[in-house]
Amino acid sequence: MILIGDRINSRIRNVKRAIKRRDEGYIRDLAVKQVNTCVFVDLFAEEKSDMLWLIEIVEPIGGFKLCIDTADVDILDSALSACRGEVMVNSISGEEKRLSEFIPLIKEYNASCIALCMDERGIPATAEERAEVGSKVLERCGEEGIEEVYFDPLVLPISINDKNGLTTLKTLEILKRMDMKTTMGLTNISYGLPSPSNIENAFLALSFRYLDSVILNPWDEGIIELLRACEAVSGRDKFCRNYLSAYRRV
Amino acid sequence: MVKISNELIEQINENVIKGRRHKEDEDFEGGSVGEPGVEELVEEALKGGVKPKEIIGCINEAMEVVGKKYETGEFFIPDMMASAEAVSAGMDVLEPYLSSTGESMDKFVIATVEGDLHDIGKNIVALLLKGAGFNVIDLGTNVPADKIVETVRAEDAKLVGLSALLTTTMRRMGEVVEKLRAEGIDAKVLVGGAAVSVSYAAEIGAIYCKDAFGALEAVKND
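Printed below as a string of structure tokens:
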């Protein structure tokens, strides 16, 4: 399972403040605390200068790859040229504008990417429509020679519509049937509900078999333990090594 | 007759709070199945001669109770959604009666601004205001300023709601207000969404709404 850590995001109030104040120590600490669990550390900032500063601070820490989280082609272009190591782009979607802007850059920098199963019309209501948007993006990426694409079925809160979780699960199932790689963010599902980690844990356990990657808060020890257990029970942890690593007495 | 209509009004109020749209719906304890919900009760009240205005008044009061319960932590978002959905269904029953009696509902044009596809918050506001007796015209997401202005003018709406999640798209709100004013339209503009702040709303001459109940408050203060 490829974990993408979601802690360096200017939508989080304290992170936003640290970015504005150019608080290197704070940001570096956020990144260091993701090294052991995450393959990728996601970076989100709304301004280009902020994104470039984040890359400058976070990338040299090492031990993970960067995931550049933006919808702005100008920010993406500058960010990709600033990164030294391997990068993931978060995200493309079925929107024609986004595809035509992002694809040349993804190719140029040989990046992997996340593709949202939505387009100009917004997020489709049904799993079938979302999967259809996904397969169109897959086709386009195939034509362009982009292979490493993780499809995000999109997660909407169950507090708003109690079928939202089910729609995501069904989308994942269809995507997997078409042999597509998948990822998704976990936190959205629990928005507006008490004890959100219960909801996120249940959702992760149910969706685990359809996921190649997941975007989450890597500091949530409960969810990391659950993830290791999911890997172990679904034959994705040889000799239970990963699961056991937390319990060995040395 | 008076007694019956009072009883019906009371039941509508109660069922809006419980979020029971029709007779198949459960109440909080899993009971009440088979008893009429808002849809059936509104129908019955109208047939019994209760004035639509009276029903809308009752629904408004019930939604206020829902809002208060949400604020105190007794209710959660799904409870609010259940009530709003029940009300929305009740309003659909009411609508034909309103037009035949010549009564009309205030129009509220709502949209997520251009460049932004986020609509969860906007949809809650739309549902809640529909529940509060407004004729909500929902233009959807990624709506250009010109289309919003055009709709407000064509519908002669006195209320406009704009939503944006991103700082970058938030600026479109200012553009909408400017264009409205340039056309001489003095509709009240409500703004909300993750990126929006009280100060930004003040800067563009709009009313900031913290959440859907904030929007409800803002339109009631008219």
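Top to bottom, those sequences are chains A and B. Taken in order, the first sequence gives residues 1 to 250; the numbers are from my numbering. Taken in order, the second sequence gives residues 1001 to 1222; the numbers are from my numbering. Beta carbons are placed, not taken as given, at the ideal position from N, Cα and C, and that holds for glycine. On a predicted model such as this, the values are computed, not experimentally measured, just so you know.
Cβ pair residue i, residue j closer than 7 Å
i: isoleucine 57 of chain A; j: glutamate 24 of chain A; result: yes
i: leucine 1117 of chain B; j: threonine 1151 of chain B; result: no
i: lysine 181 of chain A; j: aspartate 212 of chain A; result: yes
i: glycine 1131 of chain B; j: valine 1087 of chain B; result: yes
i: leucine 156 of chain A; j: serine 207 of chain A; result: no
i: alanine 82 of chain A; j: leucine 52 of chain A; result: yes
i: leucine 43 of chain A; j: leucine 54 of chain A; result: yes
i: isoleucine 1056 of chain B; j: glycine 1161 of chain B; result: no
i: isoleucine 158 of chain A; j: glycine 165 of chain A; result: yes
i: arginine 130 of chain A; j: cysteine 117 of chain A; result: yes
i: glutamate 101 of chain A; j: valine 73 of chain A; result: yes
i: valine 1177 of chain B; j: isoleucine 1204 of chain B; result: yes
i: cysteine 67 of chain A; j: isoleucine 4 of chain A; result: yes
i: threonine 183 of chain A; j: alanine 127 of chain A; result: no
i: isoleucine 1124 of chain B; j: alanine 1212 of chain B; result: yes
Where the beta strand (DSSP E) containing residue i begins and where it ends
i: alanine 1132 of chain B; result: Counting along the chain, alanine 1132 of chain B falls outside any beta strand (DSSP E), and DSSP gives it neither H nor E.
i: lysine 20 of chain A; result: From DSSP, lysine 20 of chain A is part of no beta strand (DSSP E) but of the alpha helix (DSSP H) over 13-20.
i: isoleucine 1161 of chain B; result: Per the sequence presented here, residue 1161 of chain B reads as glycine, with isoleucine not at that position. 1159-1163 is the extent of the beta strand (DSSP E) around glycine 1161 of chain B.
i: phenylalanine 151 of chain A; result: 149-152
i: lysine 1188 of chain B; result: 1188-1192
Residues near residue i in its chain [Cβ-Cβ closer than 7 Å; skip 5 each side]
i: arginine 1153 of chain B; result: Glu1183 and Ile1185
i: glutamate 1040 of chain B; result: His1022 and Lys1023
i: arginine 209 of chain A; result: Ser234
i: glutamate 1155 of chain B; result: Lys1107, Val1109 and Ile1137
Coarse secondary structure for residue i, derived from DSSP in three states
i: serine 112 of chain A; result: strand
i: leucine 1139 of chain B; result: coil
i: isoleucine 1148 of chain B; result: helix
i: tyrosine 247 of chain A; result: coil
i: glycine 185 of chain A; result: strand
i: phenylalanine 44 of chain A; result: strand
i: threonine 1112 of chain B; result: strand
i: methionine 88 of chain A; result: strand
i: lysine 1023 of chain B; result: coil
i: arginine 236 of chain A; result: coil
i: arginine 1181 of chain B; result: helix
i: aspartate 1106 of chain B; result: coil
i: aspartate 1211 of chain B; result: coil
i: valine 1033 of chain B; result: coil
i: cysteine 67 of chain A; result: strand
i: asparagine 217 of chain A; result: coil
i: serine 10 of chain A; result: coil
i: arginine 93 of chain A; result: For the record, residue 93 of chain A in the displayed sequence is serine; it is not arginine. Looking at serine 93 of chain A - three-state DSSP - the assignment turns out to be strand.
i: glycine 5 of chain A; result: strand
i: glycine 62 of chain A; result: coil
i: glycine 25 of chain A; result: helix
i: glycine 1205 of chain B; result: coil
i: aspartate 77 of chain A; result: helix
i: aspartate 72 of chain A; result: coil
CB contact check: residue i to chain D, cutoff 7 Å
i: glutamate 46 of chain A; result: Among the protein chains of the structure shown, namely A and B, there is no chain D.
CA nearest to the CA of residue i, picked from the options
i: glycine 1214 of chain B; options: B/Val1198, B/Val1033, B/Glu1203 and B/Ala1045; result: B/Val1198
i: asparagine 36 of chain A; options: A/Ile55, A/Gly63 and A/Ile27; result: A/Gly63
i: threonine 70 of chain A; options: A/Arg84, A/Glu147 and A/Ser49; result: A/Ser49
i: phenylalanine 1076 of chain B; options: A/Tyr26, A/Leu206, A/Leu43 and A/Ser195; result: A/Ser195
i: proline 1096 of chain B; options: B/Cys1058, B/Pro1052 and B/Lys1069; result: B/Pro1052
i: threonine 1112 of chain B; options: B/Val1050, B/Leu1008, B/Gly1192 and B/Val1042; result: B/Gly1192
i: isoleucine 61 of chain A; options: A/Glu128, A/Arg7, A/Asn188 and A/Val41; result: A/Val41
i: tyrosine 109 of chain A; options: A/Ala115, A/Glu86 and A/Glu128; result: A/Glu86
i: lysine 1147 of chain B; options: B/Leu1180, B/Asn1135 and B/Ile1120; result: B/Leu1180
i: valine 1093 of chain B; options: B/Ala1206, B/Lys1047, B/Ala1194 and B/Ser1005; result: B/Lys1047
For residue i, the first and last residue of its enclosing alpha helix (DSSP H)
i: glycine 1048 of chain B; result: Counting along the chain, glycine 1048 of chain B falls outside any alpha helix (DSSP H), and DSSP gives it neither H nor E.
i: cysteine 141 of chain A; result: 127-144
i: asparagine 201 of chain A; result: 196-207
i: threonine 168 of chain A; result: 164-177
i: leucine 1117 of chain B; result: Looking at the DSSP string, leucine 1117 of chain B is not in any alpha helix (DSSP H), and its letter there is neither H nor E.
Cutoff 6 Å; reference residue i; Cβ partners in own chain excluding five residues on either side
i: phenylalanine 1028 of chain B; result: none
Neighbourhood of residue i by C-beta, 8 Å cutoff - its chain only, sequence neighbours within 5 removed
i: glycine 1115 of chain B; result: Asn1142, Leu1166, Thr1168, Thr1169 and Arg1172
i: leucine 105 of chain A; result: Val73, Leu76, Asp77, Leu80, Val89 and Ala111
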